[in-house]
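Sequential numbering of the sequence shown, starting at 10, is according to this note's numbering. Structure first, commentary second.
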Amino acid sequence: MIQKISDITNEIKNFKVSSLQELEDFRIKFLSKKGTISQLFSQFRNVHNDQKREVGAQLNQLKNLASASYEDFKSILSNSKKITSGIDYTLPSENILLGTRHPVSIVRNEINSIFSKIGFVLNEGPEIEDDWHVFTGLNFPEEHPARDMQDTFFIEKNPDILLRTQTSSVQVRVMENSNPPIRSIFPGRVFRNEAVSARAHCIFHQVEGLYIDENVSFADLKQTLIYFAKEMFGPETNIRLRPSFFPFTEPSAEVDVSCTICGGKGCNVCKYTGYLEILGCGMVDPNVLEASSINSKKYTGFAFGMGIERIAMLKYQVNDLRLYFENDIRFLNQFKSAH
Ligand code: DAH
10 MIQKISDITN EIKNFKVSSL QELEDFRIKF LSKKGTISQL FSQFRNVHND QKREVGAQLN
70 QLKNLASASY EDFKSILSNS KKITSGIDYT LPSENILLGT RHPVSIVRNE INSIFSKIGF
130 VLNEGPEIED DWHVFTGLNF PEEHPARDMQ DTFFIEKNPD ILLRTQTSSV QVRVMENSNP
190 PIRSIFPGRV FRNEAVSARA HCIFHQVEGL YIDENVSFAD LKQTLIYFAK EMFGPETNIR
250 LRPSFFPFTE PSAEVDVSCT ICGGKGCNVC KYTGYLEILG CGMVDPNVLE ASSINSKKYT
310 GFAFGMGIER IAMLKYQVND LRLYFENDIR FLNQFKSAH
């Protein structure tokens with residue numbers, strides 16, 4: 010017995026603990042109910058009476074040594090910086106890589122905020138639409154080429170269900186569901202059956218604007234567009250309107266801004282014209298108002314529509330539309346500093 014006590018004493022003295030697991034091993038081995046020390050205590054009753062006193066004292070010493078060592082190991086471990094699982098929790102953390110906003114989202118948010126400052130609210134409509142909302146309700150004649158299979162992705166024929174080719178469809182939905190005054194913008198994704206190239210894509214984004222009230226005039230439209238162009242491209246920006254045609258507006262115009270690179274002097278970005286096209290617009294055709302049960306004698310309105318990628322291309326001088334859809338991190342990373 011005495012020999013055993015002295016062996017275990019040595020074993021405890023030489024024991025080294027460098028992890029929580031080893032600390033637990035120590036406890037189980039020496040201090041648990043089935044550990045060596047409790048086994049010695051249970052053998053104590055077999056000790057001869059005249060040795061009991063000495064053996065008892067040594068056993069108690071051993072037990073104290075084991076408990077004290079356990080506490081020592083524990084406090085050394087908790088003070089030591091290095092914790093066992095191989096992870097040093099005191100090291101500074103790695104930088105978290107924050108994502109960046111996609112340039113299309115950046116520009117869309119900017120357009121939204123520019124128009125919200127002058128009282129436009131935001132509406133959205135479905136991407137899968139029917140013929141009425143994309144074409145017929147917008148005064149597209151039956152035989153209009155935009156209804157052609159070339160441009161439109163059809164999902165079902167007769168009745169036609171299709172992917173909207175323009176966010177103008179939301180105009181019809183908003184006019185159906187609310188009464189003037191209407192002052193709203195509709196951002197969203199549109200789809201066209203086009204071969205993908207640097208200048209065209211089968212998916213892109215538009216923002217549509219609609220303003221209907223009594224006495225809305227072309228001058229209101231023009232002022233709104235001047236305000237938008239200056240907010241978007243800078244206070245020096247000028248706009249130019251060219252007569253155009255859209256089935257849902259009369260008169261219609263295409264809007265150019267003075268070149269964002271040369272300021273109108275002429276450069277290879279604006280092909281030496283000094284201007285860049287940014288959107289289509291016009292006064293809402295009375296047929297369109299009436300198709301959505303709005304009294305065209307009482308109300309007039311204007312509408313405009315722009316491609317978000319187009320605005321982003323001009324703002325950031327990106328010359329290939331495909332870059333917006335490839336999600337190449339080298340491209341996206343360049344928009345870190347943009348808000
Ligand atoms: N929807 C037209 C397009 O996709 C753009 C457009 C032109 C929208 C004139 C309008 C507008 O609201 O008035 O090409």
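Here a beta-carbon is modelled for each residue, glycine too, at the ideal position from N, C-alpha and C. No experiment lies behind these values; they were computed from the predicted model shown.
Residue i Cβ short of 8 Å to the ligand DAH heavy atom set
i, result
"residue 279", "no"
"residue 219", "yes"
"residue 215", "yes"
"residue 290", "yes"
"residue 312", "yes"
"residue 177", "yes"
"residue 261", "yes"
"residue 344", "no"
"residue 232", "no"
"residue 309", "no"
"residue 326", "no"
"residue 227", "no"
"residue 199", "yes"
"residue 242", "no"
"residue 174", "yes"
"residue 258", "yes"
"residue 255", "yes"
CB contact flag (residue i, residue j, <9 Å)
i, j, result
"residue 310", "residue 220", "yes"
"residue 212", "residue 171", "no"
"residue 79", "residue 35", "yes"
"residue 233", "residue 317", "no"
"residue 112", "residue 334", "no"
"residue 300", "residue 145", "yes"
"residue 279", "residue 258", "no"
"residue 330", "residue 210", "yes"
"residue 332", "residue 315", "no"
"residue 110", "residue 196", "no"
"residue 188", "residue 303", "yes"
Exposure label - residue i; buried when at least 16 CB within 10 Å
i, result
"residue 62", "exposed"
"residue 48", "exposed"
"residue 142", "buried"
"residue 82", "buried"
"residue 254", "exposed"
"residue 338", "exposed"
Cβ neighbours of residue i in the same chain (closer than 8 Å, five flanking residues each side left out)
i, result
"residue 227", "260, 292 and 311"
"residue 284", "249, 265, 266, 267, 268 and 273"
"residue 46", "17, 39, 40, 68, 71, 72 and 75"
"residue 275", "268, 281, 282 and 283"
Contacts around residue i, its chain only, beta-carbon distance under 7 Å, and the 5 residues preceding and following it disregarded
i, result
"residue 129", "192, 193, 194 and 218"
"residue 4", "Any answer about residue 4 is impossible in this case: the structure gives the chain only from 10 up to 348."
"residue 100", "none"
"residue 294", "148, 257, 258 and 259"
"residue 198", "136, 212 and 214"
Same chain only: Cβ atoms within 6 Å of residue i, ignoring 5 sequence neighbours per side
i, result
"residue 240", "123"
"residue 247", "267"
"residue 271", "none"
"residue 238", "246, 248 and 266"
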